[in-house]
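Heads up: the structure comes next, in structure tokens.
Protein chains in written order, with the working numbering: chain D, 501 to 637; chain Y, 51 to 252.
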């Protein structure tokens, strides 16, 4: 009886801890593995070479293109925060729709970004669209 | 008796502070004794081309200290991070004429003078402060060894090249005096203090 009670307490504690963590824990791990090398742990990018994701106007304006960028990459010239960039980003085709959704939601809620979350079915639609015109940029 | 102890304590602290002020960095690497003299590990002669097609040799750094590293432009792994830290050092010592930066590409096949020029331009840095050099691949890989670094072509590695992300501090006598992990901003903090210590040496 006592054991069961201790167990329940642990479970409650665990649940409480887990909820206190960043809401997009999975997205954060995927970001660390697949994006952080270039876009940096704080989303700041590299001046003139790699655009930032933190407080980036590009993300806000091109919400529907972002899943495609992650999957298929991009190479055209773009302007982010008033600075132009022209370096190729190679796509990461092995990421699933689910993983892409989680990464975007982590980005949308980190480093001062305050963008609404994206939903899995929307990401799927946007990805379908990008398959047709191959690359968005 | 008690007073004596306090006096010693104060002298001790003063002494400690003094030795901290005059702190010098060690000379790193293998050393040999030749005819009773110690010969330290020394960066050998080199000659590469920088982003402005100028020849860069040991003479370019005569009387100055420099920070060296190895990278390549299309690097999908650690290079953006190490370049970001190099940029931090660049900005920190922008007006310090006694410190230069030297970045070697490990992929000279792709990183031509023109490519390096564009890269440096995008970063917003000038060749009189930060040299991005290319040259004979074997010569670059050989000198990486002297900088305690790894540089090699490896089809298995992401981007096709393998290399370490160390930043190295070389003094005006071509001796390595400190290094850090260029992907770790905290380690670079310590490294910047080391650079200042070196520049304050008499």
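Just so you know, even glycine gets a beta-carbon here, dropped at the ideal spot from N, CA and C.
**Message:** By alpha-carbon positions, which one of 211(Y), 241(Y), 249(Y) ends up nearest to residue 127(Y)?
**Reply:** Scanning 211(Y), 241(Y), 249(Y) for the CA closest to the CA of residue 127(Y) turns up 211(Y).
**Item:** Which listed residue (174(Y), 116(Y), 147(Y), 208(Y)) has its alpha carbon closest to that of residue 226(Y)
**Value:** Per the Cα distances, 116(Y).
**Asked** How is the alpha helix (DSSP H) around residue 600(D) delimited, first residue to last?
**Response** Its alpha helix (DSSP H) spans residues 597–608.
**Request:** Please look up how many angstroms separate the CB atoms of residue 21(Y) and residue 119(Y), rounded, as I've assumed it's under 8 Å.
**Result:** As displayed, chain Y neither begins before 51 nor continues past 252, which places residue 21(Y) out of reach and without an answer.
**Outcome for residue 105(Y) when other beta-carbon atoms lying within 10 angstroms are tallied against a minimum of 16** = Exposed, because fewer than 16 other Cβ atoms sit within 10 Å of the Cβ of residue 105(Y).
**Prompt:** With contact counted as at least three CB pairs below 8 Å, one residue from each stretch, are the stretch 539–556 of chain D and the stretch 131–139 of chain Y in contact?
**Reply:** The stretch 539–556 of chain D vs the stretch 131–139 of chain Y: in contact.
**Item:** Contact between the stretch 151–167 of chain Y and the stretch 555–574 of chain D (3+ Cβ pairs under 8 Å)
**Value:** Taking a cut-off of 8 Å for Cβ pairs, the stretch 151–167 of chain Y and the stretch 555–574 of chain D do not touch, as fewer than three such pairs fall below it.
**Message:** Using C-beta distances below 6 Å, list every residue in its chain close to residue 251(Y), excluding the 5 sequence neighbours before and after it, in chain order.
**Reply:** Closer than 6 Å at the Cβ level, and outside the excluded window around residue 251(Y), lie 74.
**Request:** Measuring only between beta-carbons, confirm whether residue 527(D) sits less than 7 Å from chain Y.
**Result:** Under the Cβ criterion of 7 Å, residue 527(D) is not counted among the residues facing chain Y.
**Counterpart residues of residue 216(Y) in DSSP-defined beta bridges** = Answer is 231(Y).
**Request:** Rank 229(Y), 207(Y), 209(Y), 91(Y) by C-alpha distance to the C-alpha of residue 215(Y) and give the top, closest one.
**Result:** Nearest option by C-alpha distance: 229(Y).
**Message:** What would DSSP say about residue 188(Y), mapped onto helix, strand or coil?
**Reply:** In the structure shown, residue 188(Y) falls within a helical segment according to DSSP collapsed to helix, strand and coil.
**Prompt:** Looking at the structure shown, is residue 570(D) part of a helix, part of a strand, or coil, going by DSSP?
**Reply:** Of the three classes helix, strand and coil, the one that applies to residue 570(D) here is helix, per DSSP.
**Asked** DSSP state of residue 156(Y), grouped into three classes?
**Response** Residue 156(Y): coil per DSSP, three-state reduction.
**Message:** List, in chain order, every chain D residue whose beta-carbon is nearer than 7 Å to that of residue 137(Y).
**Reply:** Using a Cβ-Cβ cut-off of 7 Å, residue 137(Y) is close to 547 of chain D, given in chain order.
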